[in-house]
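Visitor: 606 is the number of the first residue of the sequence shown in the working numbering; add one for each residue after it.
Let me give you the structure first, and then I'll get to my questions.
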Amino acid sequence: MQHLTLNHFLVLGAILFCIGLYGAIAKRNAIAVLMGIEVMLNAVNVTMVGFSYFNQVQPYANYLTGQIFAIFIITVAAAEAAVALAMVIAIYRKRDTVDVGEINMLKF
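Right, here's the structure in full:
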């Protein structure tokens, strides 16, 4: 049985980031774009926790900096999702669509 290495975390983070980037760029639905952004933020969390876990610098080896940054990123992502979802609902009520290609806020 193999042990997990830093490369495993980095590959997982890169794959998740690519999936999220594809979802944020290729999708036309605003909710799907937000989900892609959330997946990209979680990919960053995976890599930060991986770097923190495999930190070998002696004065900082016992600190949980990656996990603490991940908690801050999750908090910011939750606030971003709440604000973005409120904006999407307001736009849907005004325009009757959540297609990002048809939304241009300069024409009211």
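Glycine included, C-beta positions come from ideal geometry on N, C-alpha and C.
Alpha carbon to alpha carbon, how far is THR702 from GLN663? Give it in angstroms, no decimals.
Guide: Cα to Cα, GLN663 sits roughly 54 Å from THR702.
Visitor: If LEU621 sits next to ASN647, beta carbons under 8 Å apart, how far is it from one beta carbon to the other, in whole angstroms?
Guide: Indeed, because the Cβ distance is near 6 Å, the residues count as touching under 8 Å.
Visitor: Look at the Cβ atom of VAL644, then the Cβ atom of GLY655, and state whether they are nearer than 8 Å.
Guide: No, Cβ-Cβ distance for VAL644 and GLY655 is not below 8 Å.
Visitor: Using the three-state DSSP reduction, which class does ASN612 fall into: helix, strand or coil?
Guide: Three-state DSSP puts ASN612 in a helix.
Visitor: Run through DSSP, which three-state label would ASN634 get?
Guide: Strand at ASN634.
Visitor: If I measure Cβ to Cβ from ALA637 and keep anything under 8 Å in the same chain, skipping five residues before and after, which residues do I get?
Guide: GLY628, listed in sequence order.
Visitor: To the nearest angstrom, how far is the alpha carbon of ARG700 from that of ILE694?
Guide: Computed Cα separation, rounded: 10 Å.
Visitor: Taking just the CA atoms, how far does VAL651 sit from ASN667?
Guide: Approximately 18 Å between the Cα atoms of the pair.
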